[in-house]
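> So the sequence lines, in the order shown, correspond to chains A and B. All the letters of the first sequence, read from the start, carry residue numbers 2 to 423 under my numbering. All the letters of the second sequence, read from the start, carry residue numbers 422 to 659 under my numbering. This structure is in structure tokens; I'll ask about it shortly.
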Amino acid sequence: MIGNIVKKEFKELFTISTLLPIVFVALVFGFVGQMIGSVGESMQEKPVIGVVDMDGGDFSDTAMSVLIERAEVIYNGSDAEEGLRKVREDNGVALLVIPENFSQKIYANQPGEIEIYWIMRGAGMMDSISSGVVEWLIQAANQEISRKLIQQDSSVDPALVLNPTTRIETTFFKGKEIQGLSPSVLGGMLGSQSTVIPVVVMMLIILAGVSVISSMGLEKENKTLETLLTLPVRRSHIVIGKIVGSALVGMIMAIIYMLGFSRYMSSFQISDVNLADFGLALGMQDYLLVGISLFVALLAGLSLCIVLGTFAKNYRSAQALIFPITALAMISAFIIMFKDFDTIPVVLRVFLFAIPFSHPMMAMRALMLDNYSLVIGGIAYAAVFTAAMIAVAVRIFNSDRLLTGSVRKRAALGKLVWGFRR
Amino acid sequence: MKAVEVRELVKDYGSFRAIKGISFDVKAGEIFGLIGPNGAGKTTVLRTIATLLQITSGSITVFGYELPKEAGAVRKIISYLPEEAGAYRNLTGKEYLNFIAKFFGEGEKSQNMVRRGLEIANLGERINDKVDTYSKGMTRRLLVGRALMIDPRLAILDEPTSGLDVINAQEVRRIINSSVEAGATVLLSSHNMLEVEFLCHRIALMDDGRIVASGTAAELKEEYDARNIEEAFVKAIK
Ligand SMILES: Nc1ncnc2c1ncn2[C@@H]1O[C@H](COP(=O)(O)OP(=O)(O)OP(=O)(O)O)[C@@H](O)[C@H]1O
Ligand SMILES: [Mg+2]
Chain A
2 MIGNIVKKEF
12 KELFTISTLL
22 PIVFVALVFG
32 FVGQMIGSVG
42 ESMQEKPVIG
52 VVDMDGGDFS
62 DTAMSVLIER
72 AEVIYNGSDA
82 EEGLRKVRED
92 NGVALLVIPE
102 NFSQKIYANQ
112 PGEIEIYWIM
122 RGAGMMDSIS
132 SGVVEWLIQA
142 ANQEISRKLI
152 QQDSSVDPAL
162 VLNPTTRIET
172 TFFKGKEIQG
182 LSPSVLGGML
192 GSQSTVIPVV
202 VMMLIILAGV
212 SVISSMGLEK
222 ENKTLETLLT
232 LPVRRSHIVI
242 GKIVGSALVG
252 MIMAIIYMLG
262 FSRYMSSFQI
272 SDVNLADFGL
282 ALGMQDYLLV
292 GISLFVALLA
302 GLSLCIVLGT
312 FAKNYRSAQA
322 LIFPITALAM
332 ISAFIIMFKD
342 FDTIPVVLRV
352 FLFAIPFSHP
362 MMAMRALMLD
372 NYSLVIGGIA
382 YAAVFTAAMI
392 AVAVRIFNSD
402 RLLTGSVRKR
412 AALGKLVWGF
422 RR
Chain B
422 MKAVEVRELV
432 KDYGSFRAIK
442 GISFDVKAGE
452 IFGLIGPNGA
462 GKTTVLRTIA
472 TLLQITSGSI
482 TVFGYELPKE
492 AGAVRKIISY
502 LPEEAGAYRN
512 LTGKEYLNFI
522 AKFFGEGEKS
532 QNMVRRGLEI
542 ANLGERINDK
552 VDTYSKGMTR
562 RLLVGRALMI
572 DPRLAILDEP
582 TSGLDVINAQ
592 EVRRIINSSV
602 EAGATVLLSS
612 HNMLEVEFLC
622 HRIALMDDGR
632 IVASGTAAEL
642 KEEYDARNIE
652 EAFVKAIK
């Protein structure tokens with residue numbers, strides 16, 4: 002008896018529509034795992050740097066030998082300008098300049114200065130890995146210098162031994178020159194943008210998407226669709242009405258979600274650096290653009306959901322149809338968290354751009370760096386995408402498919418009944 | 422003027438031909454009934470006239486408006502009651518009537534429609550309950566009210582009394598009649614032969630996607646030498 006019930010339950014529940022979600026989520030995590038896997042590789046790779054030694058003294062020699070041994074040095078000369086150009090060209094991480102009086106200063110019991118010119122390419126979690134390796138190299142050079150100091154004179158000032166050098170850092174990040182911050186600090190500051198925003202946008206798209214697809218499923222399940230379609234109202238108005246209604250519901254849900262999530266995230270926030278000091282703050286106009294980007298992306302997502310929703314037979318099948326949307330939203334959120342748009346391979350970049358709701362996830366960071374073309378291009382793309390999807394939805398609303406479903410199966414059934422009666 | 426003109430209508434579902442070339446007219450001001458066995462194609466014909474399905478071939482005009490070109494104009498003057506229909510479950514009966522009325526008029530006009538709808542639905546206090554809590558027959562009455570309250574020039578009713586008890590069915594028939602007296606035209610389908618015989622001015626008998634006979638009840642009975650429509654029906658499709 003129990004076996005019979007178990008068998009029936011299993012058959013009911015173990016369907017494509019219940020498996021698909023799990024498979025999608027598994028794929029997304031596999032994808033992310035693969036990206037993280039390649040982090041390990043880039044940790045082991047030698048970082049690409051340029052060096053300029055203006056000092057030529059004992060301690061700069063020590064530092065140099067450490068750097069040359071453990072990094073791939075693509076420029077070793079005396080012209081900082083030239084070196085920086087070379088590093089930029091060859092996808093290097095940084096140019097390290099040891100000024101003239103470096104060794105002299107250390108002999109005079111003062112820490113020597115190292116000038117670091119960072120070339121930062123992205124602000125995703127994985128973009129600052131190579132700069133981290135360079136920072137670690139400088140640590141190693143420091144140790145060598147300390148050892149040398151102690152060897153030469155065991156009564157040396159302990160404070161100097163602990164910190165034989167100081168850094169003067171400049172980070173070049175997408176046309177901006179930011180004084181006094183290393184890529185990892187900068188990455189941390191932009192960190193909340195790289196995690197909170199993609200997650201919130203993702204949730205917004207999913208929640209609003211669920212409500213619009215469910216509304217299509219419910220129209221069919223409750224048998225209200227047929228009546229609706231004979232009322233004197235344009236198909237496009239039905240489609241747009243559903244989209245706007247769900248957008249409102251989604252917004253409310255997302256706000257509730259965001260309140261909780263931002264409290265959660267703020268507990269990890271440590272840096273209290275003011276972004277405005279570095280020319281990274283957003284103006285009114287920028288926030289307006291972010292808002293527009295979010296709104297248009299939401300419409301684009303929902304118009305895609307409406308098209309998917311036309312496949313819904315009832316409430317339950319509607320729930321499964323949301324999964325392509327969920328997967329796309331999750332993938333774009335994950336990519337953006339880990340990598341910047343500019344640092345991912347071209348194929349992935351095209352893919353990311355094509356997902357209309359990836360744009361608000363990237364908008365804020367892009368605007369901080371004055372990358373208006375990406376944001377405005379994204380808004381234009383999402384608007385065109387929305388218009389195209391609404392047109393497709395209206396076409397479907399005008400066709401038989403909404404009411405007759407998959408015609409082929411039913412037709413076969415019709416034939417069967419017909420044949421049976423004859 | 423003819424309310425509905427159907428000429429050589431063919432309707433395919435994929436490769437299955439459900440309607441195999443039928444022609445008929447509905448005159449303005451009459452009640453026209455489609456009868457026929459399950460799967461004959463009644464619902465398909467009604468849905469096609471109600472602008473829901475595309476025409477495979479042939480033509481349909483409703484009060485001179487041609488489908489599918491002038492579907493928008495047709496939707497303004499028709500009212501369709503699907504054979505199996507529901508209302509939005511989170512609305513109350515009254516809210517549902519309000520929702521529908523707003524598509525057909527504003528202010529006073531829509532208020533009058535709702536008032537008429539409430540009268541036809543005749544659900545008493547229950548009209549303020551959510552549709553979710555209605556029985557099958559109550560929902561049907563609400564939907565009949567919805568379909569007839571807007572004073573459509575053509576009401577297309579697919580089995581209007583299905584699921585209703587004898588008393589309620591009779592009441593709905595009375596309402597259909599009074600709508601027609603007020604100037605409406607009605608095209609309906611039914612499995613209830615008594616209903617068809619007493620309600621409809623003219624009848625078309627469908628079988629397997631074709632019209633096999635049509636005329637007044639008296640004409641059909643005479644043609645098949647039958648005592649009532651039920652007998653004529655059985656003889657016709659044999
Ligand atoms: N969506 C569909 N897809 C394929 N075939 C369909 C579809 N709807 C109806 N049919 C077929 O078309 C034929 C006519 O169906 P229709 O619903 O019009 O019959 P009907 O006369 O209204 O029957 P009933 O009295 O049972 O309501 C049937 O053979 C049916 O199987
Ligand atoms: Mg039917």
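All residues carry an ideal CB built from backbone N, CA and C; glycine is no exception.
With a cut-off of 7 Å, does the C-beta of LEU249/A fall near any C-beta of chain B?
One-based indexing of the first sequence puts residue 249/A at position 248. False, the Cβ-Cβ gap to chain B never drops below 7 Å.
> Can you look up THR16/A in the DSSP assignment and give me helix, strand or coil?
The sequence position of residue 16/A within the first sequence is 15, counting from 1. Three-state result, THR16/A: coil.
> Leaving out the 5 sequence neighbours to the left and right, which residues in its chain are closer than 6 Å to SER600/B when beta-carbon positions are compared?
Taking the second sequence and counting its residues from 1, the one referred to as residue 600/B is at position 179. Result list for SER600/B: LEU569, in chain order.
> Here's the rule: buried if 16 or more other CB atoms are within 10 angstroms of the residue's CB, otherwise exposed. What is LYS448/B?
Position 27 of the second sequence, counted from the first residue, corresponds to residue 448/B. Exposed, since its Cβ has fewer than 16 Cβ neighbours within 10 Å.
> Which whole-angstrom value describes the C-beta separation of ARG100/A and PRO165/A, a residue pair presumed to lie in contact below a C-beta threshold of 8 Å?
Here residue 100/A corresponds to residue number 99 of the first sequence, with the count starting at 1. Here residue 165/A corresponds to residue number 164 of the first sequence, with the count starting at 1. Reading off the sequence, residue 100/A comes out as Pro, not Arg. About 15 Å separates the two Cβ atoms, so there is no contact after all.
> Around the Cβ of LYS410/A, are there at least 16 other Cβ atoms within 10 angstroms (buried) or fewer (exposed)?
The sequence position of residue 410/A within the first sequence is 409, counting from 1. For LYS410/A, the pLDDT reaches just 48, beneath the cut-off of 50, and the residue's location in the model is therefore unreliable, although a value from the coordinates is still provided. Under this definition LYS410/A is an exposed residue.
> At what residues does the alpha helix (DSSP H) containing ILE397/A begin and finish?
What you label residue 397/A is simply residue 396 of the first sequence in a count that begins at 1. Taken as a continuous stretch (DSSP letters only), the alpha helix (DSSP H) holding ILE397/A covers 373 to 399.
> Just checking TYR501/B against ligand 1 - is the residue's beta carbon closer than 6 Å to any of the ligand's heavy atoms?
Taking the second sequence and counting its residues from 1, the one referred to as residue 501/B is at position 80. No.
> From this set, LYS423/B, GLY454/B and LEU467/B, which residue's C-alpha is nearest LYS440/B's C-alpha?
Position 19 of the second sequence, counted from the first residue, corresponds to residue 440/B. According to the sequence displayed, residue 440/B carries Ile and not Lys. The option with the nearest alpha carbon to ILE440/B is LEU467/B.
> Whose CB is closer than 7 Å to a heavy atom of ligand 2? List the residues in chain order.
In chain order, the hits are LYS463/B, THR464/B, GLU504/B, ASP579/B, GLU580/B and SER610/B.
> In angstroms with no decimal places, state the Cα-to-Cα distance between ALA64/A and ILE75/A.
Start at 1 with the first residue of the first sequence, and residue 64/A comes out as number 63. Start at 1 with the first residue of the first sequence, and residue 75/A comes out as number 74. Cα to Cα, ALA64/A sits roughly 16 Å from ILE75/A.
> Please decide whether THR311/A counts as near chain B, where near means a Cβ-Cβ distance under 7 Å.
Taking the first residue of the first sequence as 1, we reach residue 311/A at position 310. So, not an interface residue.
> Below 8 Å on the Cβ atoms is my contact criterion, and I expect ILE632/B with ALA625/B to pass it. Report the Cβ-Cβ distance as a whole number of Å.
The sequence position of residue 632/B within the second sequence is 211, counting from 1. The sequence position of residue 625/B within the second sequence is 204, counting from 1. At roughly 5 Å, the Cβ-Cβ gap stays under 8 Å, so ILE632/B and ALA625/B are in contact.
> As a quick exercise: from ASN459/B, ASN589/B, LYS423/B and GLY479/B, pick the residue whose alpha carbon is nearest that of PHE453/B.
One-based indexing of the second sequence puts residue 453/B at position 32. Measuring from the Cα of PHE453/B, the nearest candidate turns out to be LYS423/B.
> Under 8 Å, with one C-beta from each stretch per pair, do the stretch 583 to 591 of chain B and the stretch 542 to 559 of chain B reach the 3-pair mark?
Judged by Cβ distances under 8 Å, the stretch 583 to 591 of chain B makes contact with the stretch 542 to 559 of chain B, as three or more pairs qualify.
> Taking Cβ positions, are ALA364/A and VAL291/A nearer each other than 7 Å?
Indexing the first sequence from 1 puts residue 364/A at position 363. Indexing the first sequence from 1 puts residue 291/A at position 290. Yes, Cβ-Cβ distance for ALA364/A and VAL291/A is below 7 Å.
> Does the contact criterion of 3 or more C-beta pairs under 8 Å hold for the stretch 292 to 306 of chain A versus the stretch 352 to 361 of chain A?
A contact exists between the stretch 292 to 306 of chain A and the stretch 352 to 361 of chain A.
> Roughly how many angstroms lie between the CA atoms of LEU518/B and GLU527/B, to the nearest whole one?
The residue you call residue 518/B lines up with position 97 of the second sequence. The residue you call residue 527/B lines up with position 106 of the second sequence. Rounded to whole angstroms, LEU518/B to GLU527/B spans 13 Å at the Cα level.
> Residues of the stretch 217 to 244 of chain A with a CB closer than 7 Å to any CB of chain B: list them in chain order, please.
Answer set for the stretch 217 to 244 of chain A: ASN223, LYS224, THR225, GLU227, THR228, LEU230, THR231, LEU232, PRO233 and VAL234.
> Which residues, taken in chain order from the stretch 479 to 495 of chain B, show a beta carbon closer than 8 Å to some beta carbon of chain A?
For the stretch 479 to 495 of chain B, which is checked against every Cβ of chain A, the residues closer than 8 Å are GLY493.
> Roughly how many angstroms lie between the CA atoms of ARG547/B and ASN598/B, to the nearest whole one?
Taking the first residue of the second sequence as position 1, residue 547/B is located at position 126. Taking the first residue of the second sequence as position 1, residue 598/B is located at position 177. Distance between the alpha carbons of ARG547/B and ASN598/B: 26 Å.
> Check whether the Cβ of GLY123/A lies closer than 6 Å to any heavy atom of ligand 1, and answer yes or no.
Locating residue 123/A in the first sequence gives position 122, counting from the first residue. Result no, Cβ not under 6 Å from ligand 1.
> Measuring alpha carbon to alpha carbon, tell me which of LEU404/A, LEU187/A and ILE139/A ends up nearest GLY123/A.
Taking the first residue of the first sequence as 1, we reach residue 123/A at position 122. Checking every option, the nearest Cα to that of GLY123/A belongs to LEU187/A.
> Does the Cβ of GLY460/B lie closer than 6 Å to at least one heavy atom of ligand 1?
In the second sequence, residue 460/B corresponds to position 39, counting from 1. The answer is yes for GLY460/B.
> In this structure, does DSSP put SER79/A in helix, strand or coil?
One-based indexing of the first sequence puts residue 79/A at position 78. Coil at SER79/A, not helix or strand.
> Whole angstroms are fine: how far does the CA of ALA321/A sit from the CA of LYS497/B?
For this step, residue 497/B is matched to residue 76 along the second sequence. For this step, residue 321/A is matched to residue 320 along the first sequence. Rounded to whole angstroms, LYS497/B to ALA321/A spans 36 Å at the Cα level.
> Taking buried to mean at least 16 other C-beta atoms within 10 Å of its own C-beta, is ASN649/B buried or exposed?
Residue mapping note: residue 649/B aligns to position 228 of the second sequence, counting from 1. Flag for ASN649/B reads exposed.
> With a threshold of 6 Å, establish whether the CB of THR405/A neighbours any heavy atom of ligand 1.
Residue 405/A sits at position 404 when you count from the first residue of the first sequence. Correct: THR405/A has its Cβ closer than 6 Å to ligand 1.
> Can you tell me whether DSSP reads LEU502/B as helix, strand or coil?
Start at 1 with the first residue of the second sequence, and residue 502/B comes out as number 81. Of the three classes helix, strand and coil, the one that applies to LEU502/B here is strand, per DSSP.
> Look at the alpha carbon of ILE139/A and the alpha carbon of VAL53/A, and state the distance between them as a whole number of angstroms.
If you number the first sequence from 1, residue 139/A lands on position 138. If you number the first sequence from 1, residue 53/A lands on position 52. When rounded, the distance between both Cα atoms is 14 Å.
> Let me check understanding here. Comparing Cα to Cα, which of ARG594/B, ARG595/B and VAL565/B lies closest to THR228/A?
Position 227 of the first sequence, counted from the first residue, corresponds to residue 228/A. The shortest C-alpha separation from THR228/A is found at VAL565/B.
> Can a CB atom of chain B be found closer than 7 Å to the CB of LEU404/A?
Walking along the first sequence from the start, residue 404/A turns up at place 403. Output row for LEU404/A: interface = yes.
> If you measure from the CB of ALA439/B, is any heavy atom of ligand 1 nearer than 6 Å?
The residue given as residue 439/B occupies position 18 in the second sequence. Yes, Cβ of ALA439/B sits closer than 6 Å to a heavy atom of ligand 1.
> Can you tell me whether PRO573/B is buried or exposed, with buried defined as 16 or more other CB within 10 angstroms of its CB?
Within the second sequence, numbered from 1, the residue matching residue 573/B stands at position 152. When all chains shown are included, PRO573/B counts as buried.
> Relative to the C-alpha of MET534/B, which residue among ASN549/B, LEU615/B and GLU516/B is closest?
In the second sequence, counting from the first residue as 1, residue 534/B sits at position 113. Measuring from the Cα of MET534/B, the nearest candidate turns out to be GLU516/B.
> Using a Cβ cut-off of 8 Å, pull out every chain A residue sitting near LYS497/B, in sequence order please.
Residue mapping note: residue 497/B aligns to position 76 of the second sequence, counting from 1. Within chain A, the residues near LYS497/B are PRO233.
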